[in-house]
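**Student:** Residue numbers (numbering that gives the first Met the number 0): 0 to 504. Beta carbons are placed, not taken as given, at the ideal position from N, Cα and C, and that holds for glycine. Please read these numbers as outputs of a predicted model, since none were measured by experiment. Have a look at this one before I ask anything.
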Amino acid sequence: MRTGLELLGYIVGEAKPYRATFVALRPPQLGEYVYMEYSGYSVVGLVESSITGSTVLTEDLRFPDDIERIVSNIRGNERMLYYRGSIRILGDADELKIPPVSPTPGTRVWKAPSEVLEKMFAPRIDRWVRVGVLLRAPNVEAKVDINKVVTRHLAILAKTGMGKSNLVALLAKRIADKGGTIIIFDYHGEYKTIRSREVVINVISPRLNPKNVSFDELARIIGIRPNATRQRALLKECKEYIDSSDVKTSEEYLQRLKHCLRTRSSPAGRDVGEKVLELLEAHEKTLQRLLGNVVGDVLDRVVLGAINVVDLSELRSYQADAIIAHWIQRVLEDRKLAEWSKRQGLKHSAKLLHPVVLVIEEAHVFISSTTETASKYQAELIVREGRKFGVGLIIVSQRPRGLDPNILSQIGSLAVLRIVHPEDQMYIAKHCEPATQELMEQLPGLNVGEAILVGEWVRVPTVAKIDLVEEKVFGADIDAVSEWTKTKHITELTPEINDYIPPPP
Ligand SMILES: Nc1ncnc2c1ncn2[C@@H]1O[C@H](COP(=O)(O)OP(=O)(O)O)[C@@H](O)[C@H]1O
Ligand SMILES: [Mg+2]
Numbered sequence: 000m001r002t003g004l005e006l007l008g009y010i011v012g013e014a015k016p017y018r019a020t021f022v023a024l025r026p027p028q029l030g031e032y033v034y035m036e037y038s039g040y041s042v043v044g045l046v047e048s049s050i051t052g053s054t055v056l057t058e059d060l061r062f063p064d065d066i067e068r069i070v071s072n073i074r075g076n077e078r079m080l081y082y083r084g085s086i087r088i089l090g091d092a093d094e095l096k097i098p099p100v101s102p103t104p105g106t107r108v109w110k111a112p113s114e115v116l117e118k119m120f121a122p123r124i125d126r127w128v129r130v131g132v133l134l135r136a137p138n139v140e141a142k143v144d145i146n147k148v149v150t151r152h153l154a155i156l157a158k159t160g161m162g163k164s165n166l167v168a169l170l171a172k173r174i175a176d177k178g179g180t181i182i183i184f185d186y187h188g189e190y191k192t193i194r195s196r197e198v199v200i201n202v203i204s205p206r207l208n209p210k211n212v213s214f215d216e217l218a219r220i221i222g223i224r225p226n227a228t229r230q231r232a233l234l235k236e237c238k239e240y241i242d243s244s245d246v247k248t249s250e251e252y253l254q255r256l257k258h259c260l261r262t263r264s265s266p267a268g269r270d271v272g273e274k275v276l277e278l279l280e281a282h283e284k285t286l287q288r289l290l291g292n293v294v295g296d297v298l299d300r301v302v303l304g305a306i307n308v309v310d311l312s313e314l315r316s317y318q319a320d321a322i323i324a325h326w327i328q329r330v331l332e333d334r335k336l337a338e339w340s341k342r343q344g345l346k347h348s349a350k351l352l353h354p355v356v357l358v359i360e361e362a363h364v365f366i367s368s369t370t371e372t373a374s375k376y377q378a379e380l381i382v383r384e385g386r387k388f389g390v391g392l393i394i395v396s397q398r399p400r401g402l403d404p405n406i407l408s409q410i411g412s413l414a415v416l417r418i419v420h421p422e423d424q425m426y427i428a429k430h431c432e433p434a435t436q437e438l439m440e441q442l443p444g445l446n447v448g449e450a451i452l453v454g455e456w457v458r459v460p461t462v463a464k465i466d467l468v469e470e471k472v473f474g475a476d477i478d479a480v481s482e483w484t485k486t487k488h489i490t491e492l493t494p495e496i497n498d499y500i501p502p503p504p
């Protein structure tokens with residue numbers, strides 16, 4: 000029997016090989032790891048829920064005076080409260096295999112010793128990287144297998160402001176530290192301000208060569224609706240015509256496109272051309288910014304071994320969608336070429352010479368359960384076949400129930416931070432295989448930066464406090480009151496606009 004460990008309590012009631020309840024000497028905490036010995040096995044478990052109750056102060060008491068009297072009559076060592084915890088059995092301390100027998104009632108439950116936890120959560124293997132410490136045992140590091148992010152993908156889910164982007168920044172740093180390449184699609188422009196002495200941050204403006212843009216991407220950029228088939232057909236016809244001719248600059252490209260739309264009479268009538276032209280002109284400024292003749296392929300601007308940030312902050316969501324889809328498609332094509340050529344021993348011109356990780360923030364917009372976006376189609380290709388070619392996908396969302404269930408179900412690992420909405424919790428438990436309902440129910444109890452990591456990138460469910468990336472300037476909430484106070488004198492100087500005209504009687 001172990002000595003020198005903190006005794007937490009005893010197993011009671013009916014236990015199963017993978018789940019048991021214990022009565023505790025003090026309130027057990029969600030995320031605590033426990034240690035037990037039974038039937039010749041040394042076993043580690045995770046406290047998944049914790050209850051405090053009283054056999055004396057019961058719910059049928061009606062009057063505060065009664066409670067007052069009971070509390071004041073309790074003598075020194077008489078117990079008024081009891082504590083219970085439910086344990087998910089994670090496996091034996093060596094191989095993490097779940098023993099075929101249940102713990103017998105009366106089995107002692109100890110706090111798991113650090114050396115056992117270190118073996119489970121912080122293997123000293125190169126592909127395991129630190130993301131923080133265990134929430135209830137902060138002297139033990141929490142590590143993840145970063146290889147599994149590339150081969151089995153990852154979803155980071157939580158309410159706004161709980162630390163999703165911080166975790167993305169941290170993983171990006173860890174990947175770049177290892178010499179890996181990560182490409183973040185930065186819809187809010189929050190990653191381009193990261194400064195780091197240790198890793199290279201390469202900010203990329205979202206420019207595309209008009210000839211490399213597909214007709215569908217162009218249609219999305221100017222906002223032609225997917226069901227406007229005649230408008231799409233006309234745009235396709237004009238684009239193909241111009242692509243086949245020799246155009247030098249993107250200004251010339253746009254001029255020719257406009258000319259074509261004005262003059263080519265669609266069999267469906269002139270108004271179709273006019274409508275497309277109208278959309279094109281409404282988006283002309285964006286197009287001028289997006290299209291650049293000097294830019295070749297988007298992959299030419301990726302720096303290997305760096306954090307690449309594609310700045311989408313000035314775009315509308317349907318335009319960002321087209322850009323993300325364009326990038327994913329190019330990344331997949333290029334990685335396929337690289338891997339095929341490598342296997343056949345052929346020379347090749349691929350640019351992404353090693354596996355890459357892509358990050359899509361606001362994934363409920365781009366990989367939505369209800370809208371057919373271009374990125375969703377491409378993301379599906381990654382989760383299906385990315386692992387063969389070394390393309391990993393990280394999706395980040397504050398609205399899990401808006402995510403495409405098909406893609407979500409193929410994501411192998413999860414980091415969930417605080418989530419309050421029960422519908423979100425249920426959705427995750429239903430569509431993400433590594434998440435259990437019991438664990439998801441604990442999510443409202445987490446604070447900022449506290450996460451539950453499950454799935455293939457950890458050996459057992461890990462309740463961790465994630466490291467804060469100091470270099471990241473956060474998308475913190477605006478402090479409205481302090482900004483109002485700063486500009487108060489300006490509004491006070493213009494009293495005439497405050498004249499109040501009463502409404503007519
Ligand atoms: N691991 C952490 N430890 C401490 N504070 C954190 C941690 N992660 C995030 N924060 C704090 O929470 C704020 C919001 O974090 P952020 O990652 O931008 O959240 P989200 O992307 O989920 O909206 C940050 O400004 C930071 O101060
Ligand atoms: Mg964020």
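Helix, strand or coil: which one does DSSP assign to residue 515?
**Tutor:** Because the chain in this structure spans residues 0 to 504, residue 515 falls outside the shown range and cannot be described.
**Student:** Per DSSP, what kind of secondary structure is residue 379 in: helix, strand or coil?
**Tutor:** helix
**Student:** Excluding sequence positions up to five away, which residues of its chain have a Cβ less than 6 Å from the Cβ of residue 506?
**Tutor:** Given that the chain is displayed from residue 0 to residue 504, the structure contains no residue 506 and the question cannot be resolved.
**Student:** In angstroms with no decimal places, state the Cα-to-Cα distance between residue 287 and residue 316.
**Tutor:** For residue 287 and residue 316, the distance between alpha carbons rounds to 18 Å.
**Student:** I'd like to confirm something about residue 164: is its beta-carbon nearer than 8 Å to some heavy atom of ligand 2, or not?
**Tutor:** Yes, Cβ of residue 164 sits closer than 8 Å to a heavy atom of ligand 2.
**Student:** Provide the residue span of the beta strand (DSSP E) that contains residue 461, from first to last.
**Tutor:** 461-465
**Student:** Whole-angstrom Cβ separation of residue 338 and residue 389, contact assumed at under 8 Å?
**Tutor:** 7 Å
**Student:** Is residue 159 near ligand 2, judged by its Cβ being under 8 Å from some heavy atom?
**Tutor:** yes
**Student:** Ligand 1 and residue 387: does any heavy atom of the ligand fall closer than 8 Å to the residue's C-beta?
**Tutor:** no
**Student:** Does the Cβ of residue 353 lie closer than 8 Å to at least one heavy atom of ligand 4?
**Tutor:** This structure lacks ligand 4; the ligands present are ligand 1 and ligand 2.
**Student:** Mind checking whether the beta-carbon of residue 60 lies closer than 8 Å to any heavy atom of ligand 1?
**Tutor:** no
**Student:** Assuming residue 98 and residue 16 make a contact with CB atoms under 8 Å, what is their CB distance in whole Å?
**Tutor:** 6 Å
**Student:** Three-state secondary structure (DSSP) at residue 456?
**Tutor:** It is coil, neither helix nor strand.
**Student:** I believe residue 275 touches residue 289 by the beta-carbon criterion, under 8 Å. Please report the beta-carbon distance rounded to the nearest angstrom.
**Tutor:** Between residue 289 and residue 275 the Cβ distance is about 17 Å, and since that is not below 8 Å, they are no contact.
**Student:** Runs of 4 residues minimum, wholly inside the stretch 93-169: which ones carry the alpha helix (DSSP H) assignment?
**Tutor:** 113-120, 145-151
**Student:** Rounded to whole angstroms, what's the CA-CA distance from residue 413 to residue 303? Just pull it up for me.
**Tutor:** Whole-angstrom Cα-Cα distance: 26 Å.
**Student:** I need the DSSP call for residue 243, collapsed to helix, strand or coil.
**Tutor:** coil
**Student:** Run through the stretch 327-366 for me and flag every whole alpha helix (DSSP H) of 4 or more residues, listed as ranges in chain order.
**Tutor:** 362-365
**Student:** State the Cα-Cα distance for the pair residue 355 and residue 132, rounded to the nearest angstrom.
**Tutor:** The alpha-carbon of residue 355 is positioned some 26 Å away from that of residue 132.
**Student:** So, using beta-carbon positions, are residue 120 and residue 358 closer together than 9 Å?
**Tutor:** no
**Student:** Rounded to a whole number of angstroms, what is the C-alpha to C-alpha distance between residue 68 and residue 81?
**Tutor:** 19 Å
**Student:** What residues are listed by DSSP as bridge partners for residue 413?
**Tutor:** Within the DSSP secondary-structure output, residue 413 pairs in a beta bridge with 154, 453.
**Student:** Checking 9 Å against the spacing of the C-beta atoms, do residue 41 and residue 93 come in under that value?
**Tutor:** yes
**Student:** Would you report the Cα separation of residue 405 and residue 323, rounded to the nearest angstrom?
**Tutor:** 19 Å
**Student:** By the DSSP assignment, the alpha helix (DSSP H) with residue 272 in it spans what residues?
**Tutor:** 269-281
**Student:** What whole-angstrom Cβ distance do residue 71 and residue 18 have, given they're in contact under 8 Å?
**Tutor:** Between residue 18 and residue 71 the Cβ distance is about 39 Å, and since that is not below 8 Å, they are no contact.
**Student:** Between residue 442 and residue 402, is the Cβ-Cβ spacing less than 9 Å?
**Tutor:** no
**Student:** Determine the contact status of residue 459 and residue 143, defining contact as a CB-CB distance below 9 Å.
**Tutor:** no
**Student:** In this structure, does DSSP put residue 47 in helix, strand or coil?
**Tutor:** strand
**Student:** Which value, in whole angstroms, describes the spacing of the CA atoms of residue 473 and residue 169?
**Tutor:** Per-residue confidence for residue 473 stands at a pLDDT of 49, beneath the threshold of 50, marking its modelled position as unreliable; no derived number is given.
**Student:** Quick check: the Cα distance between residue 394 and residue 305, rounded to an integer number of angstroms?
**Tutor:** 19 Å
**Student:** Does ligand 2 have even one heavy atom less than 8 Å from the beta-carbon of residue 395?
**Tutor:** yes
**Student:** Between residue 360 and ligand 2, is there a pair consisting of the residue's CB and a ligand heavy atom that are separated by less than 8 Å?
**Tutor:** yes
**Student:** Within the same chain, show all residues whose beta-carbon is closer than 7 Å to that of residue 246, passing over the 5 residues directly before and after it, in chain order.
**Tutor:** 252, 255
**Student:** Would you say the beta carbon of residue 464 is closer than 8 Å to some non-hydrogen atom of ligand 1?
**Tutor:** yes
**Student:** Counting only the same chain and skipping the five closest in sequence on each side, list residues whose C-beta sits under 7 Å from that of residue 300.
**Tutor:** 203
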